[in-house]
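Contents: one structure, followed by commentary.
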Amino acid sequence: MLSEAIVRPAESVRAWASGCLPPLLDGAVSDLLYGAPQALMALARAHGSPYHLLWPDVLRQNVEAFRAVLHRHRVPFELFYGAKVNKSQALVRAAVGCGIGVDASSIYELRDALAAGVDPRRVCATGPAKTAAFHAELLARDCLISVDSVQEFWALERRNQHGPETRVLLRYRPAGSQASRFGMGGDELLHCLRQLAQTRNRLRFQGFHFHLGGYDYAQRVLAVAELAPHVEAARYLGLEPRMIDIGGGLPIRYVEADAYESYLGRQASGHYRNGRVPASFYPYGGRVGACEWLDRFLESPLQDGASVAQYLQANELTLAIEPGRSLADQTGISVFQVNGVKALPQGRHVIFVEGSSFSACETWFASEYLVDPILVSASAQAPAATFSAYIAGHSCLDDDVITNRLIEFPRTVQAGDLLVYANTAGYQMDLLENEFHRHPMPRRLVARCGARALADFDIDEPRSD
Ligand SMILES: *Cc1c(COP(=O)(O)O)cnc(C)c1O
1279 MLSEAIVRPA
1289 ESVRAWASGC
1299 LPPLLDGAVS
1309 DLLYGAPQAL
1319 MALARAHGSP
1329 YHLLWPDVLR
1339 QNVEAFRAVL
1349 HRHRVPFELF
1359 YGAKVNKSQA
1369 LVRAAVGCGI
1379 GVDASSIYEL
1389 RDALAAGVDP
1399 RRVCATGPAK
1409 TAAFHAELLA
1419 RDCLISVDSV
1429 QEFWALERRN
1439 QHGPETRVLL
1449 RYRPAGSQAS
1459 RFGMGGDELL
1469 HCLRQLAQTR
1479 NRLRFQGFHF
1489 HLGGYDYAQR
1499 VLAVAELAPH
1509 VEAARYLGLE
1519 PRMIDIGGGL
1529 PIRYVEADAY
1539 ESYLGRQASG
1549 HYRNGRVPAS
1559 FYPYGGRVGA
1569 CEWLDRFLES
1579 PLQDGASVAQ
1589 YLQANELTLA
1599 IEPGRSLADQ
1609 TGISVFQVNG
1619 VKALPQGRHV
1629 IFVEGSSFSA
1639 CETWFASEYL
1649 VDPILVSASA
1659 QAPAATFSAY
1669 IAGHSCLDDD
1679 VITNRLIEFP
1689 RTVQAGDLLV
1699 YANTAGYQMD
1709 LLENEFHRHP
1719 MPRRLVARCG
1729 ARALADFDID
1739 EPRSD
C-alpha cells in the first residue's frame, strides 16, 4: 500500500518548510521534524496514514504559563480544560495531572475526566442540552454545573430533591450576544437568583458563567462589567457569589503576524483551486497569544478606576477560565502520506494524500487552515522546483479537500512524501473524524519527552465508552 519511496535510506529524508505561511513550531516538534524526519516515515510505516502525534508535556507547559500570569495578577483562579477541543485521553490526563479541572459537556467527556483521575468537584459541566442521565451523574458526583436556562434550572431542582446540595453557576447571555441561544438574560438570571435564595433550595449558588464566540478580550471585560450588578443583586438576596467563569476563546498564534497580514493583504481568488477566497478565517497570525490576552484582560479598566483583577480581588471572586484551544496549543501535529500527484492545467497540481479532510477539517467550515504544511521528502534528491498544488483527500467527495489554497512547495512533491500539518490539536485533527469509506480511524500517538524515534511514541490510551 505504501510507496517504495519510503523504504529508501533514512538519511535521505528531509523536511522543507514551504510557501509563505510557515507554522510557528514548539521546540519539541521542530526537533522531531527537522532533526529526525526519518522517524516520521517510520511512524507512517508502522501506523498508516494519516496519524496524529501529541505532546502532553506541552499542555503542562501551557497550564504553567497561564498560572504564572494569574499569580502575577494575584487573582484567585480555577482552570478547566475545555475537553471537547481534542479526543486524546493523554491530553485529558495531562490536564488532570497538573491539577486543573475539566470542562465537560457530555457524559462521555465526564467519564474520560473521571478515568483520568479528576477530582469530580473540579469538573465544570457546561453545554445547553444536558440529558437527564448527564445531570444524574453530575449530581451524584458533586460536579459544578453551569445552568444554561430557566428550564434547565427547573429540571435540576426537580432532579435534586433528595441528594446532597449541588453547586451551580448561572450562564449569562451578554448584551453583545443577543442572537445567541446560550445563556440567560437579566430577568431570567434574577428569577433563578430568587429561587436560589429560598432557603429550602438544594442548589448552592456559586456565581456566573459566560462563554463568547470570537477572540476579543475587550468583549469579556464588557461581559464582566455587565455581570457586576448581578453580583450585587445576588448579595442583596443573601447569596454569596464566589466565581466568575469567563469560558474559553483565548487565541493562539499559528503563524508570524507580519507574514499573515502580508498574505491576507495580497491573497486573491487565483490563490484558491476553487477561485473563492473564504469569507472568514480564524486569526491564525494574531499578535496576541493566550497569555498576553489574559494579561490584558486582567489589567483592563472595569469600573470605578479598578481593573478586572482589582474588581475580582475586592469582591473575593475566583476567576474561572475554560481554555480549550489555547491549552492544546502546540500539543499536536497531523501527518499525511502522499498517495499520488496529478498535473492539472496551468502548471498546477493536486496532491492526493492517504487520509481525508475530516482529519484536518477547516474547509468543512467554509474556511481554510492558513498554515502551510511542511513537506517531508522521502528523497533528498527530489528536484528543487516551485511546485504549486492544492491538497485533496482520498474520498470520492468533491469537497474532500484539505487545502484549497495553492501551496508553493520548494521541491517537487512525490508519492511517499509526507505532509505535516502543525498545531492541529485545537479542533483541526479530530473534530469531524470518522470512518468514511470504511477507512479505520487514524492513530493518535503520544510522544514521550524529547521524542525523536519510533520507540518514543505510544498509542494514545483508550477513552471511556
Ligand atoms: C468550547 C467551549 C470552551 C472552550 O473554548 P476554546 O475556544 O477552545 O477555548 C469553553 N467553554 C465553553 C462553554 C465552550 O463551549
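Converting from the sequence shown to the working numbering requires adding 1278 to each position, the first position being numbered 1.
C-beta atoms are modelled at their ideal positions from N, C-alpha and C, and glycine is treated no differently.
From a predicted model like this one, the values you see are computed outputs, not experimental measurements.
- Message: For E1518, which residues in the same chain have their Cβ closer than 7 Å to its Cβ, ignoring the five residues on either side in sequence?
- Response: As a working mapping, residue 1518 is identified with position 240 in the sequence shown. Residues of the same chain with their beta carbon placed closer than 7 Å to that of E1518 are lacking, with the five preceding and five following residues left out of the count.
- Beta carbon of G1313, beta carbon of R1726: below 8 Å? Within the sequence shown, numbered from 1, the residue matching residue 1313 stands at position 35. Within the sequence shown, numbered from 1, the residue matching residue 1726 stands at position 448. Cβ distance not < 8 Å, so G1313 and R1726 don't count as in contact.
- Start-to-end residues for the beta strand (DSSP E) that takes in V1586: As a position in the sequence shown, residue 1586 is number 308, starting the count at 1. Counting along the chain, V1586 falls outside any beta strand (DSSP E), though it belongs to the alpha helix (DSSP H) covering 1586-1592.
- Just how far apart, CA to CA, sit P1406 and L1648? Here residue 1406 refers to the residue found at position 128 of the sequence shown. Here residue 1648 refers to the residue found at position 370 of the sequence shown. Cα to Cα, P1406 sits roughly 31 Å from L1648.
- Query: Within the present structure, is the beta-carbon of R1741 separated from the nearest heavy atom of ligand 1 by less than 7 Å?
  - Reply: Here residue 1741 is taken as the residue at index 463 of the sequence shown, counted from 1. Remark: the shortest separation between the CB of R1741 and any heavy atom of ligand 1 does not fall under 7 Å.
- Cut-off 8 Å between Cβ atoms - residues of its own chain near A1537, not counting five sequence neighbours on either side: Start at 1 with the first residue of the sequence shown, and residue 1537 comes out as number 259. Result list for A1537: C1298, L1299, P1300, G1563, in chain order.
- Query: Would the C-beta of P1601 count as close to ligand 1, meaning under 7 Å from any of its heavy atoms?
  - Reply: On the sequence shown, residue 1601 is found 323 positions in, with the first residue counted as 1. Yes, since a heavy atom of ligand 1 falls inside the 7 Å radius drawn around the Cβ of P1601.
- Task: With DSSP as the reference, label P1334 as helix, strand or coil.
- Result: Residue numbering aside, residue 1334 sits at position 56 when the sequence shown is read from its first letter. Helix at P1334.
- Item | C1402, enclosing alpha helix (DSSP H) - first and last residue | Numbered from 1 along the sequence shown, position 124 holds the residue referred to as residue 1402. Residue range 1401-1403 is occupied by the beta strand (DSSP E) that includes C1402, with no alpha helix (DSSP H) assigned at that position.
- Query: With a cut-off of 8 Å, do at least 3 Cβ pairs link the segment 1346-1359 to the segment 1579-1596?
  - Reply: Yes, they touch.
- Task: Please indicate yes or no: does the CB of D1381 lie closer than 7 Å to some heavy atom of ligand 1?
- Result: Counting from one through the sequence shown, the residue named residue 1381 turns up at place 103. Yes, since a heavy atom of ligand 1 falls inside the 7 Å radius drawn around the Cβ of D1381.
- Any C-beta of chain D under 8 Å from that of G1297: No chain D appears in this structure, which consists of one protein chain only.
- Message: Quick check on I1524: does DSSP put it in helix, strand or coil?
- Response: Translated into positions along the sequence shown, residue 1524 becomes position 246. DSSP places I1524 in the coil class of the three-state scheme, outside both helix and strand.
- Message: Which runs of the beta strand (DSSP E) at least 3 residues long sit entirely within the segment 1641-1684? Give them in chain order.
- Response: Within the segment 1641-1684, the complete beta strand (DSSP E) runs of at least 3 residues are 1652-1655, 1662-1670.
- Message: On the DSSP letters alone, give me the boundaries of the alpha helix (DSSP H) that F1575 sits inside.
- Response: Position 297 of the sequence shown holds residue 1575. Secondary structure note for F1575: its alpha helix (DSSP H) is the uninterrupted segment 1568-1577.
- Sorry if obvious, but does the Cβ on S1458 come closer than 7 Å to a heavy atom of ligand 1? What you label residue 1458 is simply residue 180 of the sequence shown in a count that begins at 1. No.
- Message: Just to confirm the assignment, what range does the beta strand (DSSP E) spanning G1543 have?
- Response: The residue labelled residue 1543 in the question sits at position 265 within the sequence shown. Here G1543 belongs to no beta strand (DSSP E); instead the alpha helix (DSSP H) covers 1535-1544.
- Could you check which residue in G1360, A1324, P1315 has the C-alpha nearest to that of L1337? Numbered from 1 along the sequence shown, position 59 holds the residue referred to as residue 1337. Among G1360, A1324, P1315, the Cα nearest to that of L1337 is on G1360.
- Member of V1698, I1669, F1636, G1553 whose CA lies at the smallest distance from the CA of H1715: If you number the sequence shown from 1, residue 1715 lands on position 437. That would be F1636, whose Cα lies nearest to the Cα of H1715.
- Selection from R1419, R1323, E1600 that minimises the alpha carbon distance to I1524: In the sequence shown, the residue the question calls residue 1524 occupies position 246. Comparing Cα positions, the closest option is E1600.
- Rounded to whole angstroms, what's the CA-CA distance from R1445 to T1681? Just pull it up for me. Position 167 of the sequence shown, counted from the first residue, corresponds to residue 1445. Position 403 of the sequence shown, counted from the first residue, corresponds to residue 1681. Looking at the two C-alpha atoms, the distance is approximately 45 Å.
- Grouping DSSP H, G and I as helix and E and B as strand, with all else coil, what is N1479? Stepping through the sequence shown from its first residue, residue 1479 is reached at position 201. If DSSP states are grouped into helix, strand and coil, N1479 belongs with coil.
- Message: Checking 8 Å against the spacing of the C-beta atoms, do T1409 and S1424 come in under that value?
- Response: In the sequence shown, residue 1409 corresponds to position 131, counting from 1. In the sequence shown, residue 1424 corresponds to position 146, counting from 1. Taking the C-beta atoms as reference points, S1424 is found no nearer than 8 Å to T1409.
- Whole angstroms is fine: what's the gap from Y1560's alpha carbon to Y1493's? Here the question's residue 1560 lines up with position 282 in the sequence shown. Here the question's residue 1493 lines up with position 215 in the sequence shown. Roughly 9 Å between the two C-alpha positions.
- Compute the Euclidean distance between the alpha carbons of R1498 and C1402, then round it to the nearest angstrom. Against the sequence shown, residue 1498 aligns to sequence position 220. Against the sequence shown, residue 1402 aligns to sequence position 124. Separation of R1498 and C1402 (C-alpha to C-alpha, rounded to the nearest whole angstrom) is 19 Å.
- Message: Using the Cβ count rule (16 or more neighbours within 10 Å means buried), how would you classify Y1514?
- Response: What you label residue 1514 is simply residue 236 of the sequence shown in a count that begins at 1. Exposed, since its Cβ has fewer than 16 Cβ neighbours within 10 Å.
- Query: What residue from Q1456, L1697, G1395, S1383 has the CA that sits closest to L1422's CA?
  - Reply: In the sequence shown, counting from the first residue as 1, residue 1422 sits at position 144. L1422 has its Cα closest to that of S1383, out of Q1456, L1697, G1395, S1383.
- Query: What are the boundary residues of the beta strand (DSSP E) that includes H1627?
  - Reply: Counting from 1 along the sequence shown, the entry for residue 1627 is found at position 349. For H1627, the enclosing beta strand (DSSP E) begins and ends at 1626-1632.
- Task: Quick one: grab the DSSP three-state call for A1314.
- Result: Working through the sequence shown from its first residue, we reach residue 1314 at position 36. Coil.
- Query: For Q1624, does the count of other Cβ atoms within 10 angstroms reach 16, so buried, or fall short, so exposed?
  - Reply: As a first step, residue 1624 must be located in the sequence shown, where it is residue number 346. By the neighbour-count rule (16 or more Cβ atoms within 10 Å), Q1624 is not buried but exposed.
- Item | Run of the beta strand (DSSP E) containing L1422, from where it starts to where it stops | Mapped onto the sequence shown, residue 1422 falls at position 144. Run containing L1422: 1422-1425, per the beta strand (DSSP E) assignment.
- Task: Give a yes or no on whether the C-beta atoms belonging to H1508 and L1481 are separated by under 8 Å.
- Result: As a first step, residue 1508 must be located in the sequence shown, where it is residue number 230. As a first step, residue 1481 must be located in the sequence shown, where it is residue number 203. In this structure, L1481 does not lie closer than 8 Å to H1508 by Cβ.
- Message: Pop quiz: V1628 and A1667 are said to be a contact at Cβ under 8 Å. What is the actual Cβ separation, rounded to whole angstroms?
- Response: Along the sequence shown, read from residue 1 onward, the residue named residue 1628 stands at position 350. Along the sequence shown, read from residue 1 onward, the residue named residue 1667 stands at position 389. Correct: roughly 6 Å between the Cβ atoms.
- Message: Relative to the C-alpha of V1341, which candidate in C1376, H1413, K1362 has its C-alpha closest?
- Response: Position 63 of the sequence shown holds residue 1341. Looking at the Cα atoms, C1376 is the closest of the given residues.
- Task: For my contact list, M1462 and R1449 are in at a C-beta cut-off of 8 Å; report their separation, rounded to the angstrom.
- Result: Start at 1 with the first residue of the sequence shown, and residue 1462 comes out as number 184. Start at 1 with the first residue of the sequence shown, and residue 1449 comes out as number 171. Indeed they touch by this definition, with Cβ atoms about 6 Å apart.
- In terms of residues, what are the limits of the alpha helix (DSSP H) holding G1305? What you label residue 1305 is simply residue 27 of the sequence shown in a count that begins at 1. DSSP places G1305 inside the alpha helix (DSSP H), whose first and last residues are 1305-1308.
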